[in-house]
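>
There are 2 protein chains.
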Amino acid sequence: MAGEDKLRPLRERIDAIDAEILALIAERARIAQEVGRVKQEAGERDNFYRPEREAQILRRVRDANPGPLDDETVVRIFREIMSACLALEKPLQVAFLGPEGTFTQQAAYKHFGQSVQVHPFPAIDEIFRAVASGACHFGVVPVENSSEGVVTHTLDSFLGTSLLISGEVVLRIHHALLSRCRSLDEVQEVLAHSQALAQCREWLDRFLPNVKRTPVSSNAEAARLAAIVPGSAAIAGEVAARLYELNVLERNIEDDPDNTTRFLVVGRQAVGPTGDDKTSLLVSTGNRPGALYQILQPFAVHGISMTKIESRPSRRGMWDYVFFIDIEGHRDDPEVARALRDLEQKAQMVKWLGSYPKAVI
Amino acid sequence: MAGEDKLRPLRERIDAIDAEILALIAERARIAQEVGRVKQEAGERDNFYRPEREAQILRRVRDANPGPLDDETVVRIFREIMSACLALEKPLQVAFLGPEGTFTQQAAYKHFGQSVQVHPFPAIDEIFRAVASGACHFGVVPVENSSEGVVTHTLDSFLGTSLLISGEVVLRIHHALLSRCRSLDEVQEVLAHSQALAQCREWLDRFLPNVKRTPVSSNAEAARLAAIVPGSAAIAGEVAARLYELNVLERNIEDDPDNTTRFLVVGRQAVGPTGDDKTSLLVSTGNRPGALYQILQPFAVHGISMTKIESRPSRRGMWDYVFFIDIEGHRDDPEVARALRDLEQKAQMVKWLGSYPKAVI
Chain D
1 MAGEDKLRPL RERIDAIDAE ILALIAERAR IAQEVGRVKQ EAGERDNFYR PEREAQILRR
61 VRDANPGPLD DETVVRIFRE IMSACLALEK PLQVAFLGPE GTFTQQAAYK HFGQSVQVHP
121 FPAIDEIFRA VASGACHFGV VPVENSSEGV VTHTLDSFLG TSLLISGEVV LRIHHALLSR
181 CRSLDEVQEV LAHSQALAQC REWLDRFLPN VKRTPVSSNA EAARLAAIVP GSAAIAGEVA
241 ARLYELNVLE RNIEDDPDNT TRFLVVGRQA VGPTGDDKTS LLVSTGNRPG ALYQILQPFA
301 VHGISMTKIE SRPSRRGMWD YVFFIDIEGH RDDPEVARAL RDLEQKAQMV KWLGSYPKAV
361 I
Chain Y
1 MAGEDKLRPL RERIDAIDAE ILALIAERAR IAQEVGRVKQ EAGERDNFYR PEREAQILRR
61 VRDANPGPLD DETVVRIFRE IMSACLALEK PLQVAFLGPE GTFTQQAAYK HFGQSVQVHP
121 FPAIDEIFRA VASGACHFGV VPVENSSEGV VTHTLDSFLG TSLLISGEVV LRIHHALLSR
181 CRSLDEVQEV LAHSQALAQC REWLDRFLPN VKRTPVSSNA EAARLAAIVP GSAAIAGEVA
241 ARLYELNVLE RNIEDDPDNT TRFLVVGRQA VGPTGDDKTS LLVSTGNRPG ALYQILQPFA
301 VHGISMTKIE SRPSRRGMWD YVFFIDIEGH RDDPEVARAL RDLEQKAQMV KWLGSYPKAV
361 I
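Now the structure itself:
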């Protein structure tokens, strides 16, 4: 081993660094325990986890990251350190949309680190119930889901809950074309959730222009069917190819290479401002002409960016609409507060769903 | 918030510590890059990941851990730091027995950290092929598996491979009794992999003494059947309850509360000694009386502890047996080397499967 002489001093330096990191992590954990004691004495036992403080720490780490590790990696390492320190007080119980191995579980770990206890639930409603009842501290649910089609369930669950949004998680999602066929020529039908079909439309138009597209309940179901229906192909994550013994005919067929899925973290408490927040609202209007235009006006007037709007029929009566709106900023920010006051004058109902830190990475 | 005055100095101290940790992790990453350059100059490009060095670092961290975080947590954090530093050079490609969400994937992440690319394969043989061909750097396979019943496939795969064992991973496994039934009284049949039935025998004898026990191909299959066969219950991980909408009739029914599953990491290169190693051997004997006794003698004579022995019929002919043996120590340890020399005199064939660091946690 020619390089051993050169390697020894480098390894000794690494060992010394590791000893320092270990001592610092231990000290950090002891201080975190002290923070827990102070909060308990102040009667803030339920407040042991503060999403706004966590987001600020992670942003500081991200912004101060000198390299060579990328921001995502250093944020993940610090997430683990914080997750471990927090678990000393009480491990967070986190409900997620199961089964195990789903993107939602991945999102839960990305947001909370590995030192939490995650619990799979089969339906969005059950996650809301588990959090509302106090059985879990937080729940993680998909909200703009490119592949599982549960967006509307999540939004509908907000109609009848007192839970608040305390965070968001963004995951990058790739689609592949999977089939028992050996080549694209043999494919006569493409199966996928309608959202996945939409996300890959340009690719399908170009490479499979005359092939039937059939929406099914989920991409997992599409993959299952592709394994038994001759001549069919599924749009799904590459993982499904192994599961159902399908060939990967093409990778990354999504039209937008930055295709992401967004998840919301729901909890029982409001989160303080961090300087880089989002606010989610549920707004209902009557079926008057110009109703939507009217409710958007306060945001325009006060210079508030809207990042998302989604309309849903309300459950209360025909002709009543409900809008889910995401805006930039925190309810405690002066401009946002003014816009919300104006909005309350114009809408039938405004329900504040939470102000929370934007996803750090 | 009564405690804010007391919290502020604690939080400032945490922020200062985080800045120090970040700087140290960045420095560690730069030195790791330097290590990579030195190795490359010395023509050791394939040797960029050294399991023995990693095990030594993790043991040092574990042994120096001053608390309050437990050893498992600090080892996991350092695993992530090392995993991230290593990925700067080249992310490790790791094959595991799929599908996603299995214990084997959990084992792969536990051993290599999150900064690796994991690839699910549907069969043990394919994992061996993926590693032998160089498509993946390492493979993770269950070897003493309490729930999936693939032990023999793994051992058989070693008969015909030149791959070497480069590590082991130990996971704790819990079993639950799952059923569509509402109570134990209604259960008429218990389904599970035969190993799971064996691991829960005392509990079954006590609480379901007159109920039929039916071995099936896996605990996952048992859970699937329990959802459709009236009056049946499955022994499986609690996770399966959500997946198949079963009731959890009882938790932790395994007789040994330290029930663990062991996984092996296979690679293409030998691993150096760390001072706390295991060696795995494949030994064949003729069908002579006392053959087994003879091959065990060298270990007794040289004071080597045997941690495991498993007999398998060889594929070469009737009446030929093959023994898989794990001993404590590394092939380069003098006592082990002497025992192996003696063993070679007594056995028909001795195949060294690898010497590797014992699992750190």
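Taken in sequence, the protein lines are chains D and Y. With UniProt numbering applied, the first sequence corresponds to residues 1 to 361, in that order. With UniProt numbering applied, the second sequence corresponds to residues 1 to 361, in that order. Just so it is clear, CB atoms sit at the ideal spot from N, CA and C, and this is done for glycine as well.
#1: Whole angstroms is fine: what's the gap from Gly139(Y)'s alpha carbon to Arg262(D)'s?
#2: Going by DSSP, what residue range makes up the alpha helix (DSSP H) through Gly36(D)?
#3: Confirm, please, whether the CB-CB distance from Ile304(D) to Gly329(D) is below 8 Å.
#4: Assuming Thr285(D) contacts Ala347(D) (C-beta within less than 8 Å), just tell me the rounded distance between them.
#5: Three Cβ pairs or more, each shorter than 8 Å: is that satisfied between the region 107–126 of chain D and the region 87–96 of chain D?
#6: In its own chain, which residues sit with a C-beta less than 7 Å from the C-beta of Phe48(Y), not counting the 5 before and 5 after it?
#7: Pick out the complete beta strand (DSSP E) segments inside the region 292–358 of chain Y, 3 residues or longer, and give them in chain order.
#8: Does Lys110(Y) come out as helix, strand or coil in the three-state DSSP assignment?
#9: List the whole-angstrom C-beta distance separating Lys278(Y) from Lys358(Y), where the pair is believed to meet the contact cut-off of C-beta under 8 Å.
#10: What does DSSP give as the partner residue(s) for Asp277(Y) in the beta ladder?
#11: Hey, could you find the ends of the alpha helix (DSSP H) Ser162(Y) is sitting in?
#12: What runs of the alpha helix (DSSP H), each 4 residues or longer, lie entirely inside the region 183–230 of chain D?
#13: Note down, in chain order, every chain Y residue with its Cβ under 9 Å from the Cβ of Lys351(D).
#14: Counting only C-beta atoms, is Gln114(Y) closer than 8 Å to chain D at any point?
#15: Using alpha carbons as the reference points, say which of Pro9(D), Asp18(D), Phe128(D) lies closest to Thr154(D).
#16: What distance in whole Å lies between the Cβ atoms of Ala270(Y) and Leu178(Y), which are believed to be in contact at a cut-off of 8 Å?
#17: Distance, Cα to Cα, His111(D) vs Glu310(Y)?
#18: What alpha helix (DSSP H) runs, 4 residues minimum, are completely inside the region 69–145 of chain D?
#19: For the alpha helix (DSSP H) that contains Glu54(Y), what are its first and last residues?
#20: Between the Cα of Arg79(Y) and the Cα atoms of Gly67(Y), Leu69(Y), Val61(Y), which residue gives the shortest distance?
#21: For Leu155(D), name the three-state secondary structure that DSSP assigns.
#22: For the candidate residues Ser217(D), Tyr321(D), Asn65(D), whose alpha-carbon lies nearest to that of Gly290(D)?
#23: Helix, strand or coil, according to DSSP, for Ala241(Y) in the structure here?
#24: For Ser146(Y), decide whether its Cβ has a neighbour in chain D, counting only Cβ atoms nearer than 8 Å.
#25: Any contact of the region 331–339 of chain Y with the region 293–304 of chain Y, i.e. 3+ C-beta pairs under 8 Å?
#26: Which residues of chain Y have a Cβ atom closer than 7 Å to the Cβ of Gln33(D), listed in chain order?
#27: Residue range of the beta strand (DSSP E) that Ile235(Y) falls in?
#28: Along the region 273–285 of chain D, what residues have a CB closer than 9 Å to any CB found in chain Y?
Based on what the coordinates show:
#1: 32 Å
#2: 4–41
#3: yes
#4: 6 Å
#5: yes
#6: Gly36, Lys39, Glu89, Lys90
#7: 306–313, 321–328, 349–357
#8: helix
#9: 6 Å
#10: Pro357(Y)
#11: Taken as a continuous stretch (DSSP letters only), Ser162(Y) belongs to no alpha helix (DSSP H), as it is neither H nor E.
#12: 194–199, 201–207, 219–226
#13: Those do not exist, as Lys351(D) stays about 26 Å from chain Y at its closest Cβ, beyond 9 Å.
#14: yes
#15: Phe128(D)
#16: Rounded, the Cβ-Cβ distance is 43 Å, inconsistent with contact.
#17: 43 Å
#18: 71–89, 103–112, 124–132
#19: 51–64
#20: Val61(Y)
#21: helix
#22: Tyr321(D)
#23: helix
#24: Note that Ser146(Y) has pLDDT 48, beneath the 50 cutoff, so the model's placement of it is unreliable and no number is given.
#25: yes
#26: Pro68
#27: 232–236
#28: none
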